[in-house]
Amino acid sequence: MWGLRSNSSSMSRSERNPKSRKQTVHEKETVLFYRGYGYYSPAGDCWHLRVHGRVYGPNRKFLSSRAMIFILSRYVRPERENGQHERFLKRAQLFLHENRSGKSIPVMIGEQAFSLPDTTEHGHFETTLTMPASDLEGATVTLPDGRRFVRFSVELPEDDGRVFAGDVELLSPTGVSVISDVDDTIKVTNTADRGELLRNTFAREFQAVDGMPAIYRRWADEGCSFHYVSASPWPLYEPLDQWLTTDGFPAGSLH
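In the numbering used here, the protein residues as written are 1 to 255.
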């Protein structure tokens, strides 16, 4: 996926205490994690976990937001029937969020606490967290196909009932990873036609290329992991990830 991203960094055991930098996520802010992956290091019997996400809030520039949606609609030309207009508005509004910079988000993985690097001006954070393998046992979920994922969440004040959670797939030290394009490989996008590309991206329901979900599920049953690569902007991560699940594609990182 394209978009402006933060510089990568890494965190080890010595950087795990976030208490001195802990920041509250404002009630109108959202923390969104993009599914990542982790790789094993036998030398230290530890896992390196790639964590990437974004912090954003509502856009306070109402008039400019409405103008942007109006201009985009002139290019997309969503139809009034088949729910296209409502779908267009919902997806277009994902681009109107205001990114939050300078936020250091505290997360819990198992019993360990980390403070993620400050978000950039574009609201993104990205880092590698290093943890001993033994510390991940209680935070690991195994899927029916045998793949393993580490679940984690933002550490919020006790009186804040919200949950912002993410997951990282633990890649097997041996095996096959499928790096798959999304557009016109597993999803009908029609990148050669700008008008069709915009309508397939903003107005129409996402549609799988015939036969691809079954092929990918078979590969997952054989032990493959998946990394999806899309030209879509980062604000479309959630509808794309939901579509992958709904249409039966195996879970994987999205880039």
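All residues carry an ideal CB built from backbone N, CA and C; glycine is no exception.
These numbers come from a predicted model, not from an experiment.
Among the options, nearest to residue i - alpha-carbon criterion
| i | options | result |
| --- | --- | --- |
| residue 48 | 81, 169, 87 and 115 | 169 |
| residue 225 | 174, 105, 46 and 41 | 174 |
| residue 248 | 161, 208 and 237 | 208 |
| residue 53 | 30, 73 and 157 | 30 |
| residue 139 | 112, 161 and 118 | 112 |
| residue 74 | 199, 125, 94 and 123 | 199 |
| residue 238 | 95, 110, 149 and 188 | 95 |
| residue 89 | 123, 77, 102 and 193 | 77 |
| residue 255 | 28, 34 and 245 | 34 |
| residue 177 | 32, 37 and 28 | 37 |
| residue 91 | 246, 163 and 236 | 236 |
| residue 32 | 164, 194 and 195 | 164 |
| residue 102 | 84, 188 and 124 | 124 |
| residue 79 | 217, 246 and 195 | 195 |
DSSP beta-bridge partners of residue i
| i | result |
| --- | --- |
| residue 179 | 227 |
| residue 254 | 228 |
| residue 242 | For residue 242, which the question treats as bridged, DSSP gives no partner whatsoever. |
| residue 257 | Not covered by the structure: residue 257. The range shown for the chain is 1 to 255. |
| residue 113 | 108 |
Close-in-space but distant-in-sequence residues of the same chain around residue i (CB under 7 Å, 5 per side omitted)
| i | result |
| --- | --- |
| residue 242 | none |
| residue 21 | Per-residue confidence for residue 21 stands at a pLDDT of 47, beneath the threshold of 50, marking its modelled position as unreliable; the derived number appears in the next sentence. Contacts found: 104 and 115. |
| residue 26 | 57 |
| residue 108 | 152, 153 and 155 |
| residue 98 | 56, 57, 58, 59 and 60 |
| residue 110 | 135, 136, 138 and 139 |
Spatial neighbours of residue i in its chain, beta-carbon cut-off 6 Å, leaving aside the 5 residues before and after
| i | result |
| --- | --- |
| residue 252 | 226, 227 and 228 |
| residue 39 | 48 and 171 |
| residue 149 | 141, 167 and 169 |
| residue 69 | 92 |
Same chain, Cβ closer than 8 Å to residue i, neighbours up to 5 away in sequence not counted
| i | result |
| --- | --- |
| residue 214 | 248 |
Between the stretch 211-224 and the stretch 141-151, do at least 3 Cβ pairs fall closer than 8 Å? yes
Just to confirm the assignment: which complete alpha helix (DSSP H) runs, minimum length 4, are found wholly within the stretch 208-232? Assignment of alpha helix (DSSP H) within the stretch 208-232, counting only whole runs of 4 or more residues, yields 212-221 in chain order.
Take every Cβ of the stretch 35-55, pair it with every Cβ of the stretch 131-141, and state whether three or more of those distances are shorter than 8 Å. yes
Okay, do the stretch 196-210 and the stretch 55-69 touch, 3+ Cβ pairs below 8 Å being the bar? no
With a floor of 3 residues, list each beta strand (DSSP E) that falls wholly inside the stretch 115-188, ordered by position along the chain. 124-132, 140-142, 148-154, 165-170 and 177-181
Write down every uninterrupted run of the alpha helix (DSSP H) in the stretch 24-110 whose length is 4 residues or greater and which is fully enclosed by it, in chain order. 62-76 and 84-92
Okay, do the stretch 230-240 and the stretch 175-190 touch, 3+ Cβ pairs below 8 Å being the bar? yes
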